[in-house]
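Trainee: Here's a structure for you.
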Amino acid sequence: MSDCVFCRIIAGEVAAHVVLDVPEAVAFLDARPVFKGHTLVVPRAHHETLTDLPPAEIGPFFAVVQRIAGAVESGLDAAGTFVAMNNRVSQSVPHLHAHVVPRNRKDGLRGFFWPRQRYESDAEQADYARRLAKALEPAQGR
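In structure tokens, the structure reads:
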């Protein structure tokens, strides 16, 4: 869809810090992260919500989400991750996407209040994307 920013990122028409680009999905850093390294995983084909994703694509999509969660932990030394998805309500872009947010104890995240941050520079954001992509390298051949 030409008016969907995520479709435009997938097509390479809008710049993003991509950490993984595979046939099932594309993962890139959230421009307004809850915590630095907050990554969005989107299916390559445009589907607005989880209920719109064809059943055959659910497993492969969530396998990518699982890989990104592992990369966030290992690549960013996070104690864990918060994985979330909105469907219509609070969905800022109407293209299915899973949030994978790095978590650490006492990081200040409480309930569903998500304070947003900004990267200090494009270079810092690129460094986070590089670290996550590097953490995915051993898993590339799986």
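1 is the number of the first residue of the sequence shown in UniProt numbering; add one for each residue after it.
Glycine residues also receive a C-beta, built at the ideal position from the N, C-alpha and C atoms.
Small disclaimer: the values here were computed from a predicted structure and weren't measured.
Find the nearest neighbour of Leu72 within the set Val93, Thr39, Arg116 and Asp21, judged by alpha-carbon distance.
Mentor: The residue you asked about is not Leu; residue 72 is Val in the sequence shown. Closest option to Val72, Cα to Cα, is Thr39.
Trainee: Determine the burial state of Asp21: buried for a count of at least 16 other Cβ atoms within 10 Å of its Cβ, exposed for fewer.
Mentor: It is exposed - the Cβ of Asp21 has fewer than 16 other Cβ atoms within 10 Å.
Trainee: Can you tell which of Ile10, Pro94 and Pro102 has its C-alpha closest to the C-alpha of Ile26?
Mentor: First, the amino acid is wrong: residue 26 is Val here, not Ile. Among Ile10, Pro94 and Pro102, the Cα nearest to that of Val26 belongs to Ile10.
Trainee: Keeping to the same chain, check which residues put their C-beta closer than 6 angstroms to that of Lys36; ignore five residues upstream and five downstream.
Mentor: Taken in chain order, the residues that qualify are Tyr128.
Trainee: May I ask you to report which of helix, strand or coil DSSP gives Ala15?
Mentor: If DSSP states are grouped into helix, strand and coil, Ala15 belongs with coil.
Trainee: With DSSP run on the structure shown, which of helix, strand or coil describes Asp21?
Mentor: Three-state DSSP puts Asp21 in a strand.
Trainee: Look up Arg118 in the DSSP assignment and say whether it is helix, strand or coil.
Mentor: Coil at Arg118, not helix or strand.
Trainee: Would you identify the three-state DSSP class for Gly141, choosing helix, strand or coil?
Mentor: Because Gly141 carries a pLDDT of 46, less than 50, the predicted location of this residue cannot be relied on, and the following value inherits that uncertainty. Coil.
Trainee: Identify whether Ala98 lies in helix, strand or coil by the three-state DSSP scheme.
Mentor: In this structure, Ala98 counts as strand in the three-state DSSP scheme.
Trainee: Please report the straight-line C-alpha distance between residue 145 and Pro43, rounded to a whole angstrom.
Mentor: Given a span of 1 to 142 for the chain in the structure shown, any question on residue 145 remains unanswerable.
Trainee: Quick one: what's got a C-beta closer than 7 angstroms to Asn104's C-beta in the same chain, skipping five residues either side?
Mentor: For Asn104, where only same-chain residues beyond five positions count, the Cβ hits under 7 angstroms are Ala78 and Ala79.
Trainee: When DSSP builds the beta bridges, which residues end up paired with Gly80?
Mentor: According to DSSP, which records beta bridges pairwise, Gly80 is partnered with Arg103.
Trainee: Is it true that the CB of Val41 sits closer than 8 angstroms to the CB of Val100?
Mentor: Cβ distance < 8 angstroms, so Val100 and Val41 count as in contact.
Trainee: With a threshold of 16 other CB atoms inside 10 Å of the CB of residue 146, please say whether the residue is buried or exposed.
Mentor: Coverage of the chain is limited to positions 1 through 142, which leaves residue 146 absent and any answer about it impossible.
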